[in-house]
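Have a look at the structure below before the remarks.
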Amino acid sequence: GAGVSQSPRYKVAKRGQDVALRCDPISGHVSLFWYQQALGQGPEFLTYFQNEAQLDKSGLPSDRFFAERPEGSVSTLKIQRTQQEDSAVYLCASSLGMEPYNEQFFGPGTRLTVL
Amino acid sequence: GESVGLHLPTLSVQEGDNSIINCAYSNSASDYFIWYKQESGKGPQFIIDIRSNMDKRQGQRVTVLLNKTVKHLSLQIAATQPGDSAVYFCAEKVWNRDDKIIFGKGTRLHILP
C-alpha cells in the first residue's frame, strides 16, 4: 500500500504500563507528524520530525511521552506509565516536506485504551 | 467500528440536498485552510483547501468559502450522498511552513434517506 500505516490499530493497556505505537510514513516523505485525538474532539498536534530531527515537540502533554525517528523513516511514539487520560486515537501523518505546499497524509490511527 | 466523535454537533441532511458546514478559526496568522473528512476508524482525509488570498474555491461537489473579516469558513457539499456521512473538520496552518495543522471542532454529517 502507498499510504501511511500504523500499528497496532488497537491497544489496551493497564494503567502504569508502557506502550509503543509505530508509524510507517509514505516512502520518501521527509516530514512526519503525530497527533492525539480524544473522543469527540479534533486531532491535536503532539510532535513533528523532519527526517530524523525532532523539530517541534511542544504538543507532548508530559515527559511520559517520547517520540523518535532514528533513521528518518519509521517513527515510534512511546508513552510511559500510561494514565487513563492517555486514552485516545493517536494519528500519524507524513508529508513530502517540500515548500510551499505540504499536504499531510494521515494514517488510520492507533486507538489506545488505558484501563 | 468505533465512532470518531460521540458528542459532536450533528447536521442531518436529506439525501440529495445541499449541506453547509460552518467553522470559526482562531489564529490571525493562519493563511491556509483545509477541510478534512473523517470516517469511522480512519484518519482525516483531505477534501479541499483554500489560501487566504481567495474567498471561494470549488471542487467536485464541494465549495469552500472563506471570510477573513470574521474568521469564518464554510464547506458546501452539493447533492449530498450516503457516502458523505462522516465527521468534517476545518483546519488551519501557515501556507509556506511545513508545520503542524490546527484542527477545529468537528461536525458530524448525517444523511437521511
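Read top to bottom, the protein sequences are chains F and R. Residues 1 to 115, numbered by this note's numbering, are exactly what the first sequence covers, in order. Residues 1001 to 1113, numbered by this note's numbering, are exactly what the second sequence covers, in order. For every residue, glycine included, the Cβ atom is placed at its ideal position computed from N, Cα and C. The structure displayed is predicted, hence computed values, not measured ones.
Taking Cβ-Cβ distances shorter than 7 Å, what residues in chain R pair up with F/Leu77?
Counting from 1 along the first sequence, the entry for residue 77 of chain F is found at position 77. Chain R residues near F/Leu77: none, gap ~15 Å exceeds 7 Å.
Return yes when the Cβ of R/Val1087 is within less than 8 Å of the Cβ of R/Gly1008, no when it is not.
Position 8 of the second sequence holds residue 1008 of chain R. Position 87 of the second sequence holds residue 1087 of chain R. Looking at the sequence itself, residue 1008 of chain R is Leu, so the reference to Gly does not match. Going by C-beta atoms, R/Leu1008 is nearer than 8 Å to R/Val1087.
Under 8 Å between C-beta atoms, does R/Phe1033 make it to chain F?
Numbered from its first residue, the second sequence carries residue 1033 of chain R at position 33. No, R/Phe1033 lies away from the interface with chain F (no Cβ there is under 8 Å from its Cβ).
Since F/Glu103 meets chain R, which of its residues come closer than 9 Å, beta carbon to beta carbon?
By one-based count along the first sequence, residue 103 of chain F stands at place 103. The answer, in chain order, is Ile1034, Phe1046 and Asp1049.
Using 8 Å as the limit for Cβ to Cβ distance, is F/Gly28 near chain R?
Working through the first sequence from its first residue, we reach residue 28 of chain F at position 28. For F/Gly28, the answer is no, since every Cβ of chain R falls outside 8 Å of its Cβ.
Anything in chain F within Cβ reach of R/Leu1008, meaning under 7 Å, just list it in chain order.
One-based indexing of the second sequence puts residue 1008 of chain R at position 8. Chain F residues near R/Leu1008: Gly40.
Exposed or buried, R/Asp1099, counting other C-beta atoms within 10 Å across all chains shown (16 or more means buried)?
In the second sequence, residue 1099 of chain R corresponds to position 99, counting from 1. Answer is buried; the Cβ neighbour count reaches 16.
Should F/His136 be labelled buried (16 or more other beta-carbon atoms within 10 Å of its own) or exposed?
Given a span of 1 to 115 for chain F in the structure shown, any question on residue 136 of chain F remains unanswerable.
Same chain, Cβ closer than 8 Å to F/Asp18, neighbours up to 5 away in sequence not counted
Along the first sequence, read from residue 1 onward, the residue named residue 18 of chain F stands at position 18. Result list for F/Asp18: Lys78, Ile79, Gln80, Arg81 and Thr82, in chain order.
Does at least one heavy atom of the ligand GDP sit under 7 Å from the Cβ of R/Tyr1088?
In the structure on display, the ligand GDP does not appear, and there are no ligands present to speak of.
Tell me the start and end of each unbroken beta strand (DSSP E) in the stretch 1039–1070 of chain R that is at least 3 residues and wholly inside, in chain order.
1045–1051, 1056–1058 and 1062–1067
Could you name the residues of the stretch 1096–1113 of chain R whose beta carbon sits closer than 9 Å to any beta carbon of chain F, in the order they occur along the chain?
Asn1096, Arg1097, Asp1098, Asp1099, Lys1100, Ile1101, Ile1102, Phe1103, Gly1104, Lys1105 and Gly1106
With DSSP as the reference, please indicate the residues paired to F/Ala67 in a beta bridge.
Along the first sequence, one-based indexing puts residue 67 of chain F at 67. DSSP, once it has assigned bridges, lists F/Leu77 as partnering F/Ala67.
Provide the residue span of the beta strand (DSSP E) that contains F/His29, from first to last.
In the first sequence, the residue the question calls residue 29 of chain F occupies position 29. Premise fails: F/His29 is in no beta strand (DSSP E) and is neither H nor E.
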